[in-house]
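To start, the structure itself, in structure tokens.
There are 4 protein chains.
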Amino acid sequence: MRIVMRPTATVREIARVAATIETMGCQAHIAREDKRTTIGAAGSPQQLDRDHLLALPGVQEILDTRMPFKLAGREFHAQPTTVRVGDLSIGGDALAVFAGPCAVESEDQMLATAQAVKSGGAHALRGGAFKPRTSPYSFQGLGREGLQILDRVRRATGLPVASEITHPEDVSAMVETVDILQIGARNMQNYALLQAVGRVQTPVLLKRGMMSTLEELLMSAEYILAQGNSQVILCERGIRTFETYTRNTLDISAVPLLKQLSHLPVIVDPSHGTGRRELVEPIALAAVAAGADGLLIEVHVDPDSALSDGHQSLTPARFEALMERLRPVADVVGRTM
Amino acid sequence: MRIVMRPTATVREIARVAATIETMGCQAHIAREDKRTTIGAAGSPQQLDRDHLLALPGVQEILDTRMPFKLAGREFHAQPTTVRVGDLSIGGDALAVFAGPCAVESEDQMLATAQAVKSGGAHALRGGAFKPRTSPYSFQGLGREGLQILDRVRRATGLPVASEITHPEDVSAMVETVDILQIGARNMQNYALLQAVGRVQTPVLLKRGMMSTLEELLMSAEYILAQGNSQVILCERGIRTFETYTRNTLDISAVPLLKQLSHLPVIVDPSHGTGRRELVEPIALAAVAAGADGLLIEVHVDPDSALSDGHQSLTPARFEALMERLRPVADVVGRTM
Amino acid sequence: MRIVMRPTATVREIARVAATIETMGCQAHIAREDKRTTIGAAGSPQQLDRDHLLALPGVQEILDTRMPFKLAGREFHAQPTTVRVGDLSIGGDALAVFAGPCAVESEDQMLATAQAVKSGGAHALRGGAFKPRTSPYSFQGLGREGLQILDRVRRATGLPVASEITHPEDVSAMVETVDILQIGARNMQNYALLQAVGRVQTPVLLKRGMMSTLEELLMSAEYILAQGNSQVILCERGIRTFETYTRNTLDISAVPLLKQLSHLPVIVDPSHGTGRRELVEPIALAAVAAGADGLLIEVHVDPDSALSDGHQSLTPARFEALMERLRPVADVVGRTM
Amino acid sequence: MRIVMRPTATVREIARVAATIETMGCQAHIAREDKRTTIGAAGSPQQLDRDHLLALPGVQEILDTRMPFKLAGREFHAQPTTVRVGDLSIGGDALAVFAGPCAVESEDQMLATAQAVKSGGAHALRGGAFKPRTSPYSFQGLGREGLQILDRVRRATGLPVASEITHPEDVSAMVETVDILQIGARNMQNYALLQAVGRVQTPVLLKRGMMSTLEELLMSAEYILAQGNSQVILCERGIRTFETYTRNTLDISAVPLLKQLSHLPVIVDPSHGTGRRELVEPIALAAVAAGADGLLIEVHVDPDSALSDGHQSLTPARFEALMERLRPVADVVGRTM
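Chains as they are written, first to last, in the working numbering: chain A, 2 to 338; chain B, 2 to 338; chain C, 2 to 338; chain D, 2 to 338.
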């Protein structure tokens, strides 16, 4: 925020504005440009009382250098956004369940998994062709070949497909072969990538960074929306804390908070959020009870031989059982499946 | 954890077990002693799927080499513990809901709140006579006078009362006036206090420290159990993270994890866990869906004039509405109210 | 903070004050008592512009319900406090180095260590008779016997002794046998204990909780000071973060920040702060360069057989080498040894 | 890590090694294969004192079973790497100080700052043409125009220039106009970007992510090295914790740890690491005392009118004073300036 003083403002008036800003808990930075004095307020400008500042002698106007959640926020868009992918709606009455393996490993594996999760009740398929991994020596995904597999599997099964994009240059290839572009946690603040997916109309599934506040998540959504793509789904997938029993700490409060702050759909990934197969079901139930619009579940036909994340993947049988247990919970919170 | 192979196990079977352990995210260490091969699993043995390992060809048994939770752990006490306070059971089929103000402020306030929450369906009353506060200049509770008020209110309403203990010397006075001794988050590792409440038979409600791991919480329960008091209730109430939208980050995964690791009842405090009134209901629903044995809810007859925590307290009307919404969720996860 | 309205204040005036409080980033809680309306401001009352609020129509006065760092803060006590223990001053020009084992194990061990660290240049001895441990099954210290050993060792060597107190009841026994009462990280918010050590005149070494902000540390110091004991030394010993290479993350910025916020001496514990022997020296040098008034160093005559914390203890030879390396660093930042 | 015992080792010697491993905080797993006994150390093998273990009777050699930092690690490259930029060496005896504004704002500002920091003793200039910002509405840098300014300023002053790269496509343009490519904290795990800078020979300054472990930082360095660019400088710039007094918590222990784990140069950014101008000097002194190879300091000719990060920028006069205070500290730790 920046306070523009009148050209006639006295030194005393300038000092008073600066002191008021400091009293309100920000740092004041006085700048003189040409004949004009402006006072920047750094720190947490949302703490400032604009009306009070505007009323001080010598103040001409207040410029917002920061406009949180202009497009992602509820204030400007009270109605919830529904993201549509073919027949599937995300953010409406019906829950949307994405299921599938962490990584595309082969066409056989993807087709078998897709058929299994479809029969178990999933509404969309997930699977990564590009896998960002901490180590350059870990399996990085099948790449373009993986995209081809996803394309053939979605045609064979009719399930829409969500898959992670890691490089701005891949946008044009990916929009041909997948239905939803996923931005992974590590890339949540990769602004070049956010802007690239903002320039197409394919829906984007934006995962919260493991180190990101909800405000930062919404600001990253804002990067996409600001480029013209309004089809953004937010995804809580756990944050990094000191607790080590779980891979991440799933922030369940993020669900009702994001729904309150934003009009965008909110889904939950209990597989990454816990990193433990046996916690997926109770956390999936909790997420729906808390108001989530959908779930992202890792399912593998043979978890013990999965190339990544097998320890947090469900078998198709266990996935189907989870869907059965979800139904009555969805029902009591007024959602359909 | 150590997998003991049968004497007849082949090299191929041994290698498969080792590979499976590695796939599950641990390191396998093969040891041959006499004619017997054993395979140690190091790292995070809690990630291992014991049933799966036990089912592999050649495996004879699985030994736990690490048993930190001797008394609090499931291994030694497979049946869930039910804590009984008069007619109330905590940890059985029925959910136990504790409701009441953060602090005892006056007899009128407590009696009015107690009657309101009882009529709303609460099973027990909460209210602090001793309030540990960050600042020595904040309201510290009514102390002994508060205990007398709690005693009169529980007699008048028949509701059992839980209240925080902060000083080992207060044990004898408190066991006369309250039904459940609460250990607050700041005192979770105050071992003098844990040992003092371990030497009586009054049930203890042990809240997780705001920066404590689940292992540390269970170890603190162990301090109480080791003194002879087996009536311990664990309480998840949020941990400290970088996120600032909520007062704490409620660790929903702690619920199923604690139930799996321990036989003790687990309840959730969505009031402290979120610090925001409007999040109490969705998080309470989520906690029950995730398997919690009960809830601890702040209710105040006049939240806006509460001496502490008013911003996270429900009115009696809102509490009653919450109880109504909880009922069907409890029902679908097989719990009664 | 609480705004008291005039008895004649209109509903419109009350509403305006409440709205102003909200605009300034706090929550307003309107309370009516008798004929008087007061408005509580919850959240971060330090953000509020008192002058602005006082100037609103209908406002009579503003009561501070919170006065951060009244006694611990620089504003009320601009001159640095020097804590004196016999000939030793902590907080003056000379650095104060406390050295010794984590735990008192035997008289031989303590005497040998004390002589070694004295000859290496230490100014005071550290050693715990009461050891708060996460597990009730770990070594908990020699207790009263340990205190007797410390007493004999300080008489034999002339070194003042700092030792941890864990129970309010131990104050009278400890002030007879040790020179400085240490409050450990786990007990930083054990207010019963803080008040107990506040009621004697023995200096207190207050360690920052592993989960505590600097504000909370200073508030805990305030608990001691408010009871009348002005001899408090603050100690940074690392906080809990997601990083696992080190036992804790030593917050080096805490040193200049605490010196700026408070008049109390600030020392650093690189042994617990890093948990790794090879990091003690570089972090000790860094702490002195950043302005610390002293250090707390774990030294053991035989680290590999130490009953606790051996992996972070220096040998006497390595301690002596560290003292040699510290001297020129102390010199260039204007401190003596 | 696995300790290989001599064939003649006695049971007593084996037991002592195992006990020593446990004392150092790991789990020991004894394995007998053929006539040979080996002892695996699981848990946190980095805590083990290799030299001590190697010196125990009966030990033949120590094998590392885990070598995550193949190219970045010390084991494969014992000699420290010196990164060279023209006449400047980073990682040798001389400290390297980078100074300049957060963002390139204009040619006048950059030229004035460059001349001021050069006269103050800086060895290189920093300044961002591309600024990744949380909000899409914040100033994002001058972009290509900023690069042109940097190019002209380095020619005018002879100072090498470091500037942030945010998009893989910018590599070819940037290697023409700047001397060191900076990867910012938000992009530390943007693998497409890491690989792109790995394919050129321009030195890379890799900043630690604000919630990244040291292992992840080294793995990101590995991504660059694995592409063939060996000129990588690591930068500690603070991590995200619960403490809010500082913008980030500068992890001072990272300096000696990274120097021990890796052969790459390590520099520290006290400006971002603290976010407060008055802490820059003490933390800069601490960083050098802890063994840093250099510093990254924000300097602005007029901090109060800076478009970003003014509150953490030094004036040229204060920068010069800092350099004066650094000199004797550098001297006592054996570094030149």
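Virtual Cβ for every residue (Gly too), placed ideally from N, Cα, C.
Nearest to B:Ala100 by alpha-carbon distance, out of B:Pro329, B:Val330, B:Thr316, B:Arg326, is B:Thr316. Distances from the alpha-carbon of C:Thr21 to those of C:Arg7, C:Asp52, C:Met212 put C:Asp52 closest. Proximity of chain C to B:Tyr224 at the Cβ level (cut-off 9 Å) is accounted for by Ser136, Pro137, in chain order.
Using a Cβ distance threshold of 8 Å, A:Ala285 and A:Ile268 do not count as a contacting pair. In this structure, A:Leu126 lies near A:Val154, with their beta-carbon atoms less than 8 Å apart. For the region 188-199 of chain C, the set of residues with a beta-carbon nearer than 7 Å to any beta-carbon of chain B comprises Asn188, Gln190, Asn191, Tyr192, Ala193, in chain order. For B:Ile284, the enclosing alpha helix (DSSP H) has its first and last residue at 278-290.
In summary, the residues of the region 279-296 of chain D whose CB is separated from some CB of chain C by less than 8 Å are Glu279, Leu280, Pro283, Ile284, Leu286, Ala287, Ala288, Val289, Ala290, Ala291, Gly292, in the order they occur in the chain. B:Glu217 sits in a helix when the DSSP states are folded into three classes. Rounded to the nearest whole angstrom, the C-alpha separation of A:Thr158 and D:Val98 is 59 Å.
Nearest to D:Ala227 by alpha-carbon distance, out of D:Met211, D:Met2, D:Met212, D:Arg200, is D:Arg200. Taking C-alpha positions only, B:Gln80 is separated from A:Asp94 by approximately 40 Å. The Cβ-Cβ distance between A:Ala222 and A:Ile253 does not fall below 8 Å. Secondary structure note for A:Glu177: its alpha helix (DSSP H) is the uninterrupted segment 172-178. Shown in chain order are the members of the region 152-181 of chain B whose Cβ falls below 8 Å from a Cβ of chain C: Thr167, His168, Pro169, Glu170.
Residues of chain C whose Cβ lies closer than 7 Å to the Cβ of D:Pro329 are, in chain order, Val333. Between D:Met211 and the set D:Thr242, D:Ile150, D:Arg326, the nearest pair of CA atoms involves D:Thr242.
The beta carbon of C:His273 sits no closer than 8 Å to any beta carbon of chain A. For the pair A:Pro257 and A:Ala73, the Cα-to-Cα distance works out to about 15 Å.
Taking a beta-carbon distance threshold of 8 Å, A:Asp252 counts as an interface residue toward chain B.
Under the 10 Å beta carbon count, C:Phe140 is surrounded by fewer than 16 other beta carbons and is classified as exposed. For the options C:Asp50, C:Ala42, C:Leu57, the alpha carbon positioned closest to that of C:Arg17 is the one of C:Leu57. Positions of the alpha helix (DSSP H) runs, each at least 4 residues long and wholly inside the region 215-251 of chain D, are given as 215-227 in order along the chain. Annotation: D:Gly74 has no Cβ neighbours in chain C at a cutoff of 8 Å; minimum Cβ distance is about 14 Å.
The Cβ atoms of B:Met220 and C:Ser272 do not sit closer than 8 Å to each other. In the three-state DSSP reduction, C:Met189 falls in the coil class, being neither helix nor strand. For C:Arg328, no beta strand (DSSP E) encloses it; the enclosing alpha helix (DSSP H) starts and ends at 317-333. Among the CB atoms of chain B, one or more fall inside 8 Å of the CB of A:Asp305. Listed in chain order, the non-local C-beta contacts of C:Ile31 below 7 Å within the same chain comprise Ile15, Ala19, Thr38, Ile40, local neighbours out to five positions each way being set aside. Nearest CB-CB separation between D:His30 and chain B: below the 8 Å threshold.
For B:Met111, the enclosing alpha helix (DSSP H) has its first and last residue at 108-121. Distance from A:Pro329 to A:Asp294 at the Cβ level is roughly 18 Å; contact not present, criterion being Cβ atoms closer than 8 Å.
The DSSP-derived three-state label of A:Ala255 is helix.
The C-beta of C:Ala227 comes closer than 8 Å to at least one C-beta of chain B. Rounded to the nearest whole angstrom, the CA to CA distance from D:Met25 to C:Thr275 is 14 Å. Contact annotation: C:Gly142 and C:Ala123 have beta-carbon atoms that are not nearer than 8 Å.
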